[in-house]
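First residue of the sequence shown: 1, per the UniProt record's numbering; consecutive thereafter. What follows is a set of notes on a single structure, which appears directly below.
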Amino acid sequence: MSQWSQVQQLEIKFLEQVDQFYDDNFPMEIRHLLAQWIESQDWEAASNNEAMATILLQNLLIQVDEQLDRVSQEKNLLLIHNLKRIRKLLQGKYHGNPMHIAVIISNCLREERRILAAASMPVQGPLEKSLQNSVVSERQRNVEHKVSAIKNSAQMTDQDVKYLEDLQEEFDFRYKTIQSLEQSDKNSALIKQEMLTLQAMLNTLDYKRKEVLSKIGRVIHEIDALMNNMLTEELLDWKRRQQIACIGGPLHGGLDQLQNCFTLLAESLFQVRRQLEKLDELLTRLTYDGDPIPVQRPQLLEKVNFLLYNLFRNSFVVERQPCMPTHPQRPMVLKTLIQFTVKLRLLIKLPELNYQIRVKATIDNNRRFVLCGTHVKAMNMDESANGSLSVEFRHLQPKEMKSSAGSKGNEGPHMVTEELHSISFETQVCLYGLTINLETSSLPVVMISNVSQLPNAWASIIWYNLSTNDPQNLSFFNNPPAATLSQLLEVLSWQFSSYVGRGLNSEQLNMLAEKLTGQQVSYNDYQLSWAKFCKEHLPGKSFTFWVWLEAILDLIKKHILPLWIDGYIMGFVSKEKERILLKDKTPGTFLLRFSESNLGGITFTWVDQLENGEVRFHSVEPYNKGRLTALPFADILRDYKVIMADNVPENPLKYLYPDIPKDKAFGKHYSCQPNEVSKPSEGGVKGYVPSVFIPVSKILIDSTDPHSPSDLLPMSPSVYAVLREHLSPTVIETAVRCKLFHS
1 MSQWSQVQQL
11 EIKFLEQVDQ
21 FYDDNFPMEI
31 RHLLAQWIES
41 QDWEAASNNE
51 AMATILLQNL
61 LIQVDEQLDR
71 VSQEKNLLLI
81 HNLKRIRKLL
91 QGKYHGNPMH
101 IAVIISNCLR
111 EERRILAAAS
121 MPVQGPLEKS
131 LQNSVVSERQ
141 RNVEHKVSAI
151 KNSAQMTDQD
161 VKYLEDLQEE
171 FDFRYKTIQS
181 LEQSDKNSAL
191 IKQEMLTLQA
201 MLNTLDYKRK
211 EVLSKIGRVI
221 HEIDALMNNM
231 LTEELLDWKR
241 RQQIACIGGP
251 LHGGLDQLQN
261 CFTLLAESLF
271 QVRRQLEKLD
281 ELLTRLTYDG
291 DPIPVQRPQL
301 LEKVNFLLYN
311 LFRNSFVVER
321 QPCMPTHPQR
331 PMVLKTLIQF
341 TVKLRLLIKL
351 PELNYQIRVK
361 ATIDNNRRFV
371 LCGTHVKAMN
381 MDESANGSLS
391 VEFRHLQPKE
401 MKSSAGSKGN
411 EGPHMVTEEL
421 HSISFETQVC
431 LYGLTINLET
441 SSLPVVMISN
451 VSQLPNAWAS
461 IIWYNLSTND
471 PQNLSFFNNP
481 PAATLSQLLE
491 VLSWQFSSYV
501 GRGLNSEQLN
511 MLAEKLTGQQ
521 VSYNDYQLSW
531 AKFCKEHLPG
541 KSFTFWVWLE
551 AILDLIKKHI
561 LPLWIDGYIM
571 GFVSKEKERI
581 LLKDKTPGTF
591 LLRFSESNLG
601 GITFTWVDQL
611 ENGEVRFHSV
621 EPYNKGRLTA
631 LPFADILRDY
641 KVIMADNVPE
651 NPLKYLYPDI
661 PKDKAFGKHY
671 SCQPNEVSKP
681 SEGGVKGYVP
691 SVFIPVSKIL
701 IDSTDPHSPS
711 DLLPMSPSVY
721 AVLREHLSPT
731 VIETAVRCKL
741 FHS
């Protein structure tokens with residue numbers, strides 16, 4: 001079943017989440033019509049490879065054209081219209097930046113996987129629940145409503161200023177007319193009446209000036225209150241959501257909405273600034289005793305400039321955190337002399353700023369590292385599909401200074417991967433007489449010099465962003481805080497949903513919790529230390545919990561991904577639990593679990609029954625990536641044979657737990673049918689029979705003595721001869737012997 005088919009079967013509350021991240025950037029119609037093709041492409045790799053992204057975009061448009069031809073034959077007018085519009089939209093938006101659509105589609109697929117994983121969980125995790133708080137959603141709506149109201153108030157004040165200007169012009173004309181009269185004419189009754197009218201107009205002018213200044217003051221106060229409360233909270237929430245998304249959590253939408261709010265507020269402040277400038281013009285033409293403009297205007301202008309400075313400073317954000325193209329799902333881990341990308345955005349989108357802001361990138365001030373490559377670029381509205389004012393650095397690479405290179409030999413791997421650094425960015429905005437210096441920084445990054453340090457470096461990134469919302473605590477690992485077990489388990493599930501397409505269920509998380517703590521504990525109360533997670537070896541093992549888990553992720557990704565996505569690998573289950581699950585099952589029932597003693601290993605355990613009714617469990621030696629490279633795991637399950645004491649080979653694997661026929665579960669993943677082997681070609685050296693590897697184990701059954709390691713003998717020539725008698729030579733040419741552990 002395709003991923004999209006699974007999505008369509010979700011409950012309505014999950015479908016509403018899916019609906020939120022499909023828009024004109026990537027219309028849902030295309031996702032639906034091209035579901036299988038889209039899922040078969042590597043959008044993740046293309047998001048950091050321009051040549052690959054260009055080809056995929058071209059192929060996507062070809063696929064849309066084929067759909068257009070199909071619906072044209074069906075005379076589906078509505079769909080024809082929509083597909084033509086969508087094709088034009090896709091080509092227009094992404095022709096100059098094909099990697100952007102690869103990023104969007106990759107994120108959509110990843111978010112679908114996360115939602116599918118969340119739907120399989122009995123309850124929503126604490127972190128995700130906090131991110132989807134109804135109070136937060138209500139605040140978002142309030143912010144948008146207040147920004148719109150402020151914009152309307154500023155526009156209405158414009159009309160008041162215009163009325164004041166017209167009134168003053170009329171007063172000025174009538175006053176100058178009287179001044180131009182001869183002295184004898186000024187004593188007439190008509191002129192005296194006109195002077196009374198002018199006095200009334202001056203009184204009205206004074207009232208209107210005070211009214212306009214009062215309205216401007218209210219607009220400024222409303223902007224100030226909004227910026228210092230709800231808008232600041234919204235921005236901090238977005239930054240927190242970005243942190244969580246970087247470690248596998250839900251996608252952090254909402255930046256476009258924030259941009260709209262910041263831009264409208266900036267436009268309103270500049271509008272108020274122009275209104276104050278207009279009042280200054282009116283002041284130079286007319287003033288009087290008790291005039292409110294010279295008293296109030298300087299204070300209001302100072303407050304407007306102060307708010308503009310703060311608004312611009314808060315609007316300069318890192319839209320996409322530093323990430324190596326070679327490891328798109330491990331952001332903030334940077335390898336020396338390897339390029340990384342990072343994207344910044346100014347949330348105040350004004351046409352006057354296009355190509356006018358040059359951003360400089362630097363690394364933190366300890367002088368241990370420098371940035372090589374293009375580190376100064378101009379922000380523009382042309383490179384982003386949504387027209388945002390942004391800049392993306394694509395060719396930066398960190399380099400370690402020679403002066404500190406000599407100290408590397410004294411640093412242990414933990415010291416290296418717990419040392420945090422920061423990528424900083426600075427620029428200057430000059431607009432309407434204002435000069436504003438802007439600075440921002442990435443989330444803390446970890447520098448590595450060897451890819452073998454990547455797992456521990458990523459563990460540091462996970463722990464930091466899980467434990468704190470402080471964006472710049474570079475001394476965090478001097479005394480790392482403990483993490484709540486429930487939140488950590490949720491993040492671990494995200495590692496699986498984002499990296500290998502399927503998260504962990506409650507039973508799997510229970511096993512991980514017991515492995516981390518050594519006991520059954522309450523998720524909500526237990527605090528786990530950083531050392532327990534990543535530095536201390538597991539009891540009786542030569543590796544840490546995190547190294548063990550990372551090796552499993554790597555195994556799934558490279559060798560058993562389809563089986564994992566289908567949900568047929570129980571994976572995280574202890575030996576004790578697997579016996580409880582299997583003991584009452586039909587002989588031949590088996591389950592798949594990850595090895596607890598071998599890094600990156602997977603084994604299967606099955607149950608059988610002796611003639612006396614004794615239940616026995618058998619587990620094969622774990623298969624690691626070396627063996628799975630030679631033989632697909634699904635084929636191993638299909639072809640696996642056991643030679644019993646009577647030398648009759650048979651496949652003991654009948655039903656995948658709880659009762660799924662093996663071929664029904666894994667049939668679609670077999671590389672070929674065992675009997676579909678080509679006949680030898682005629683004549684010459686080409687006349688070879690294709691060889692097939694068959695995994696075989698030998699079980700020696702002794703009804704009186706327990707099994708011992710000496711029972712696990714390799715096949716003798718006589719046993720192998722018996723095997724050849726029972727298996728056609730066109731099916732088997734050689735056999736791969738597998739050791740067998742007995743319970």
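Glycine included, C-beta positions come from ideal geometry on N, C-alpha and C. The model shown is predicted, which means the values in this text are computed figures rather than measured ones.
Among the residues of its own chain, which have a CB less than 8 Å from the CB of residue i, if the five just before and after it don't count?
{"i": "residue 827", "result": "This structure cannot speak to residue 827, because the chain is shown only from 1 to 743."}
{"i": "L474", "result": "D364, L420, H421, S422 and P444"}
{"i": "M28", "result": "D19 and Y22"}
{"i": "E169", "result": "none"}
{"i": "H375", "result": "K360, A361, T362, F393 and L396"}
{"i": "E352", "result": "L431"}
{"i": "I80", "result": "L68, V71 and S72"}
With distances taken Cα to Cα, identify the nearest neighbour of residue i among the options.
{"i": "Q508", "options": "A149, F572 and R31", "result": "F572"}
{"i": "Q299", "options": "G217, N651 and N228", "result": "G217"}
{"i": "W564", "options": "P587, I602 and F533", "result": "I602"}
{"i": "K208", "options": "I636, L592, N598 and D166", "result": "D166"}
{"i": "S214", "options": "D224, M201, N25 and P292", "result": "P292"}
{"i": "Y670", "options": "Y640, D65, P652 and P471", "result": "Y640"}
{"i": "L226", "options": "A149, R627 and R31", "result": "A149"}
{"i": "K146", "options": "R31, L231 and G387", "result": "L231"}
{"i": "K239", "options": "L258, E490 and D224", "result": "L258"}
{"i": "L360", "options": "E596, F262, L344 and Q242", "result": "Leu is not the amino acid found at residue 360; the sequence shown has Lys there. Considering only alpha carbons, the answer is L344."}
{"i": "F312", "options": "F26, L431 and K93", "result": "L431"}
{"i": "N25", "options": "V64, Q41 and H100", "result": "H100"}
{"i": "T204", "options": "I105, V648, Y163 and P632", "result": "Y163"}
Looking only at its chain, what residues have a beta carbon closer than 7 Å to the beta carbon of residue i, apart from the 5 residues adjacent to it on each side?
{"i": "L61", "result": "R87, L90 and Q91"}
{"i": "V615", "result": "K583, V607 and Q609"}
{"i": "S529", "result": "A482"}
{"i": "E66", "result": "none"}
{"i": "Q8", "result": "none"}
Given residue i, which residues of its chain have a CB within under 6 Å of its CB, disregarding the five upstream and five downstream residues?
{"i": "A46", "result": "M52, A53, L56 and A102"}
{"i": "G501", "result": "R113 and I565"}
{"i": "A459", "result": "C534 and W546"}
{"i": "Q199", "result": "none"}
{"i": "L68", "result": "L83"}
{"i": "N598", "result": "P622"}
{"i": "Q17", "result": "I115"}
Since I believe residue j is in contact with residue i (beta carbons under 8 Å), could you give me their beta-carbon distance rounded to a whole number of angstroms?
{"i": "A117", "j": "G503", "result": "3 Å"}
{"i": "K625", "j": "K558", "result": "6 Å"}
{"i": "L628", "j": "F666", "result": "No, L628 and F666 are not in contact; Cβ-Cβ is about 14 Å, not under 8 Å."}
{"i": "K151", "j": "S268", "result": "5 Å"}
{"i": "T287", "j": "P294", "result": "7 Å"}
{"i": "R85", "j": "S498", "result": "Going by Cβ atoms, the distance from R85 to S498 rounds to 32 Å, so no, they are not a contact pair."}
According to DSSP, which residues form a beta bridge with residue i?
{"i": "H81", "result": "BP columns for H81 are empty, so no partner."}
{"i": "I423", "result": "I363"}
{"i": "Q527", "result": "T484"}
{"i": "A378", "result": "R358"}
{"i": "Q397", "result": "C372"}
{"i": "S441", "result": "S424"}
Is the beta carbon of residue i less than 8 Å from the beta carbon of residue j?
{"i": "V272", "j": "A154", "result": "yes"}
{"i": "N97", "j": "E383", "result": "yes"}
{"i": "L488", "j": "L454", "result": "no"}
{"i": "I357", "j": "T440", "result": "no"}
{"i": "L235", "j": "N142", "result": "no"}
{"i": "A119", "j": "E233", "result": "no"}
{"i": "S424", "j": "T362", "result": "yes"}
{"i": "F604", "j": "L653", "result": "yes"}
{"i": "N49", "j": "P328", "result": "no"}
{"i": "V333", "j": "A457", "result": "yes"}
{"i": "V212", "j": "D160", "result": "yes"}
{"i": "P398", "j": "T341", "result": "no"}
{"i": "I247", "j": "V451", "result": "no"}
{"i": "W494", "j": "G249", "result": "yes"}
{"i": "D297", "j": "L276", "result": "It should be noted that the sequence gives Arg, not Asp, for residue 297. Taking 8 Å as the Cβ cut-off, R297 and L276 qualify as a contacting pair."}
{"i": "L555", "j": "K532", "result": "no"}
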